[in-house]
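Going by the working numbering, the letters in the sequence shown line up with residues 4 to 180, in that order. One structure is given below, encoded as structure tokens.
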Amino acid sequence: MWVVKREKQVFVLRLGHRPFRDKRVTSHVGLVARAFGADGLVISVEDAAVSCSIGDVVERWGGDFSVSVEQDWRGYLKRWKGLVVHLTMYGLPLDDVISDVQSVTGDVLVVVGAEKVPPEVYKRADFNVAVGSQPHSEIAALALFLDRLFKGGGLRKDFEGKTRIIPSANGKFALSD
Ligand code: SAM
């Protein structure tokens with residue numbers, strides 16, 4: 004039974020990160036996770052370039068977003084007490100399951116892959132969710148999933164950063180402390 008709780012903490016577990024190939028994509032997974040309302044990124048392989056690039060954004064643009072490394076990602080998945088949502092094109096359509104995911108209270112771990120994701124992740128997941136049943140990108144899948152999960156609220160979050168944009172129709176305006 005899941006316990007009723009108002010605030011969900013949402014973390015993104017990036018599996019199979021290959022430092023040589025995936026630096027940019029994994030950094031973008033983290034930046035999208037942060038910008039769309041998640042609380043942190045967990046990577047299974049240490050990569051200072053990823054932690055630093057996301058850390059620099061957090062330092063300048065605000066929020067509490069964390070980056071951590073869990074080499075024993077199997078143990079991490081085992082210990083995770085909340086819901087596990089695995090984004091995969093083989094899963095059930097996002098539109099069919101999002102209300103079930105929203106209705107389950109407790110923290111959420113969203114798993115995205117890089118290379119082939121082992122079958123045990125499909126078994127461990129409470130929901131295997133497809134953002135369309137076609138192969139595309141973990142960045143796009145994560146953005147759409149978080150946007151639906153938070154009903155657009157992630158994009159309205161106030162990050163209270165040192166640097167803040169003043170939205171404008173025809174220019175680039177920002178304030179810096
Ligand atoms: N070939 C890999 C496999 O079979 O697991 C997937 C590679 S894909 C570029 C990387 C990640 O993007 C996947 O692990 C998944 O998390 C995500 N992804 C790609 N297409 C998706 C879709 N249609 N729905 C949900 N997630 C998707």
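Built from N, CA and C at the ideal position, the CB exists for glycine as well.
Taking the alpha carbon of residue i as the point to measure from, which residue in the options has its own alpha carbon closest?
| i | options | result |
| --- | --- | --- |
| Ile-142 | Tyr-125, Ile-101 and Arg-17 | Arg-17 |
| Gly-135 | Leu-80, Pro-96 and Gly-78 | Pro-96 |
| Ile-168 | Val-28, Ser-30, Arg-63 and Asp-50 | Arg-63 |
| Ala-51 | Leu-152, Thr-29 and Leu-80 | Thr-29 |
DSSP on residue i, reduced to helix/strand/coil?
| i | result |
| --- | --- |
| Pro-96 | strand |
| Gly-43 | strand |
| Arg-21 | coil |
| Ser-136 | coil |
| Thr-29 | helix |
| Val-60 | helix |
| Ala-52 | helix |
Is there at least one Cβ from chain D nearer than 8 Å to residue i's Cβ?
| i | result |
| --- | --- |
| His-20 | Among the chains of the structure shown, chain D does not appear; only one protein chain is present. |
Taking only heavy atoms of the ligand SAM into account, decide whether any of them is closer than 7 Å to the Cβ of residue i.
| i | result |
| --- | --- |
| Glu-123 | no |
| Ala-41 | no |
| Leu-90 | yes |
| Gly-157 | no |
| His-31 | no |
| Pro-138 | yes |
With C-beta atoms as the reference, is residue i less than 8 Å away from residue j?
| i | j | result |
| --- | --- | --- |
| Val-72 | Gly-33 | no |
| Phe-148 | Val-113 | yes |
| Phe-14 | Gly-43 | yes |
| Leu-35 | Leu-145 | Correcting the residue type first, residue 35 is Val in the shown sequence and not Leu. Going by C-beta atoms, Val-35 is nearer than 8 Å to Leu-145. |
| Val-45 | His-89 | no |
| Lys-11 | Asp-110 | yes |
| Ala-128 | Tyr-93 | no |
| Lys-154 | Gly-65 | no |
| Gly-19 | Val-87 | no |
| Ser-47 | Trp-76 | yes |
Can you tell me whether residue i sits near the ligand MN, meaning its C-beta is under 7 Å from at least one heavy atom of the ligand?
| i | result |
| --- | --- |
| Gln-12 | Of the ligands one can find in the structure shown, namely the ligand SAM, none is the ligand MN. |
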